[in-house]
Amino acid sequence: MDKPTKLEIRNMTKLYKNGDGVRNINLSVSLGELVTLLGPSGCGKTTILRTVGGFLQCDSGKILIDGQDISQLPPEKRPTAMVFQSYNLWPHMTVYENMAFGLKLRRISKQEISERITRMLDLVKMAGFEKKYPNQMSGGQQQRIAIARSLLLEPQVLLLDEPFSALDAKIRSQMREELRKIQTDLAITVVFVTHDQEEAMALSDRIVVMNKGSVEQIGTPGEIYENPATRYIAGFIGEMNFIEQRDGTTVAVRPENVRLELGDATGGDIGGIVRTIMMLGHFYEIAVGTDKGIVKAFASAEEAAQFKHGDLVNCFFDGTYRYQPNSDQTENV
Amino acid sequence: MMSFLNPKRWFYTLGKKRFFEFLFLVLFLLFFYGPLLYTFLLAFANKYEFPNIIPAEFGFKWWGYVLSQPTLVRSIGLSFLFAFATIFVSMIICLPAAYVLARFNFPGRKAVMFSFLLGNAFPKIGIYTSMAIVFYRINLMGTFTGVLLIHLIECMMMMIWLPASAFKNVPVQQEEAARDAGAGPLRTFWYITLPNAWPGIAVAALFAFIGSLGENTGTLLVGLPYYRTMPVEMYGVILDYPSTAGAVFSLILIAPNLLLLLLFRKYVGGETLARGYKMG
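Quick note, the sequences are listed as chains A and B, same order. Using this note's numbering, the first residue of the first sequence is number 683, and each one after it goes up by one. Using this note's numbering, the first residue of the second sequence is number 3, and each one after it goes up by one.
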């Protein structure tokens, strides 16, 4: 990595009274990088974000920004800004007042506050909304303002805690694109938390996959998709077929790596009978019933046309992963 | 025309169940508003003789009379002074306490919440008498502070419970967002939490105000002879003045309450009120 490290989390542990929490987290984020913490709810991703933001005290370990340990500072002294999932904006203030709040505390002149807000509203395509109250706007608009408000503080690290999960699918993907654009344009360092693997894949420079309070794998979206380190990740990221083997190991194969041929259901890597053929936009999903369970295959329209419900087929796997039982070991085949 | 007044027709129009509901409502209204209506009649009667229901002559004669009595006018001023002082002091004491009760879950939290109810669970006169004994010892009898303390006790429950629930309804994230933007805990409370909880707090303040205006037992016991508020004067008015003057005085006592309640119905609404009573 050639860019300087912006945020570094060293051996951080934060446990709650009930035993949940995160253990021995190590993570470094470089300048201008967007790193996503991905995992199901309760995996500790929000806990990490909140310890960075200063809303939780970590039990041990360090959090460094530009080499300075900030783990003992209260949130208002940290060079971070956070966007929450909801209840972001203060309902008793207009958009302008919401955005000006932090700047006023920094004793910036009225003139400059006004200029900065106008510029920022343009950036998030919300010009003209200064006098609106949060409850007069849609969820997507509120979230834009919330991001704008955080950006105005010119944080060293921007923290986003599932900011789009309360929005509907179409607006979510639009917001995702815009956030990515603003982030690359301004070269801000971002830590993004989500449970939506699709969102993580689309947005991130690197993804940190979490499970039960610890990090399972860190890598670019491509690396994680191509080489899921554990069975858990293989199941969590993208579509995957799992076929249990006699020796207890599991063979995993992505549907796009499953090739089907008409046959007697005894050849290839596994044989079976076509159960359903589903059109999913520009490709088809063919579900094959085998004696090890359903195997899904993705096929183009021409390929799919060869098959119909009830056909006997042989499946060929073009790239598989093998996972040991009850362990995080993997070997590529 | 008579058919409109025929109860038999009403009975069959409304159906048995609704008819009795209706009857009950009428009785209820009479029971509650009858005396008030009568007070109104009396207050604007220039001439009234006992067995009649409707006064012989209407006018403002007794208003002029009451407002020309210096002791009564002074008591009106004093009542409002105590009411505002009660609101002000109770806010300073109760709002921080309410915030703590709303935000922090410490052991015994429920018990603390409940303890504010205790003051209302016993006969007031018993509590005030024992307070009076203490007040004698520390020279608070017949002082402004003494009376104020009585009024504060009265409104404590209201000023803790309602604001606590109002603070609870302010999402923690909004405070966190303010901390994040660079505001310390005090600034956050002042600029974010307090304005957001304000409707609930205002309702509590309203009740404190009305409660203070109406407080008489304790004020009588502790305040006499120097601090005679309106309700305290009312005792004397009932005994020494004609009933028409009493009616005027009681209307003066009721008027601010009515006005405040109407204002609140308009601007705050019953929902906030009802939400305030949830004990979390």
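Just so it is clear, CB atoms sit at the ideal spot from N, CA and C, and this is done for glycine as well. Please read these numbers as outputs of a predicted model, since none were measured by experiment.
Among the CB atoms of chain B, one or more fall inside 8 Å of the CB of residue 763 (chain A). Within chain A, no residue has its CB atom less than 9 Å from the CB of residue 71 (chain B), the nearest being about 46 Å off.
Secondary structure of residue 923 (chain A) (DSSP, three-state): strand. For the region 161-184 of chain B, the beta-carbon criterion of a distance under 8 Å to any beta-carbon of chain A is satisfied by 173, 175, 176, 178, 179, 180, 181, 182, 183 and 184. Residues of chain B whose Cβ lies closer than 8 Å to the Cβ of residue 788 (chain A) are, in chain order, 184.
Contact with chain A is found for residue 194 (chain B), since one of that chain's Cβ atoms lies less than 8 Å from the residue's Cβ.
Sixteen is the threshold: when 16 or more other Cβ atoms of the shown chains lie within 10 Å of the Cβ of residue 246 (chain B), as they do, the residue is buried. Listed along chain B, the residues sitting closer than 8 Å to residue 766 (chain A) by beta-carbon distance are 175, 178 and 179.
Secondary structure note for residue 804 (chain A): its alpha helix (DSSP H) is the uninterrupted segment 792-805. Between the region 895-904 of chain A and the region 701-713 of chain A, the count of C-beta pairs closer than 8 Å reaches three or more; the two stretches touch. Taking 7 Å as the cut-off between beta carbons, the residues of the region 831-857 of chain A near chain B are 835, in sequence order.
Within 10 angstroms of the beta-carbon of residue 916 (chain A) lie 16 or more other beta-carbons, which makes it buried. Excluding residues up to 5 positions away in sequence, 980, 981 and 982 lie with their Cβ nearer than 7 Å to the Cβ of residue 965 (chain A) in the same chain.
Collapsing the DSSP output to three states places residue 259 (chain B) in a helix. At the C-beta level, residue 692 (chain A) and residue 743 (chain A) come within 8 Å of one another. Residue 710 (chain A): member of the beta strand (DSSP E) spanning 703-712, first to last residue. By the rule that beta-carbons nearer than 8 Å mark a contact, residue 197 (chain B) touches chain A. Boundaries of the alpha helix (DSSP H) around residue 865 (chain A): 851-868. Taking the Cβ atoms as the reference, residue 937 (chain A) lies roughly 7 Å from residue 967 (chain A), within the contact range of under 8 Å. DSSP places residue 181 (chain B) within a helical segment (H, G or I) once states are collapsed to three.
Under the Cβ criterion of 8 Å, residue 921 (chain A) is not counted among the residues facing chain B. Counted as a single uninterrupted DSSP element, the alpha helix (DSSP H) harbouring residue 146 (chain B) occupies residues 146-170.
A contact between stretches requires three or more CB pairs, one per stretch, nearer than 8 Å, and the region 816-830 of chain A meets this requirement with the region 762-770 of chain A.
Residue state for residue 899 (chain A) is assigned as strand, using DSSP reduced to three classes.
For residue 101 (chain B), the uninterrupted alpha helix (DSSP H) segment begins and ends at 72-105. Burial is judged here by how many other beta carbons sit within 10 angstroms of a residue's own beta carbon; residue 811 (chain A) has at least 16 and is buried. Here residue 696 (chain A) is buried: its Cβ has 16 or more other Cβ atoms, across all protein chains shown, within 10 Å.
Taking a 10 Å sphere around the C-beta of residue 911 (chain A), we find 16 or more other C-beta atoms and assign the residue as buried.
Burial state of residue 913 (chain A) is buried, judged by a 10 Å Cβ sphere holding 16 or more other Cβ atoms. Linking residue 176 (chain B) to residue 120 (chain B) through their CA atoms gives a straight-line distance of about 34 Å. Rounded to the nearest angstrom, the gap between the Cα atoms of residue 184 (chain B) and residue 30 (chain B) is 56 Å.
For residue 913 (chain A), the secondary structure class from DSSP, reduced to helix, strand or coil, is helix. The beta carbons of residue 956 (chain A) and residue 990 (chain A) sit closer together than 8 Å.
Exclusion of the five residues before and after residue 891 (chain A) leaves 720, 898, 899 and 915 as the residues of its chain whose Cβ lies within less than 6 Å of its Cβ. Secondary structure of residue 788 (chain A) (DSSP, three-state): coil. DSSP links residue 744 (chain A) through a beta bridge to A:692.
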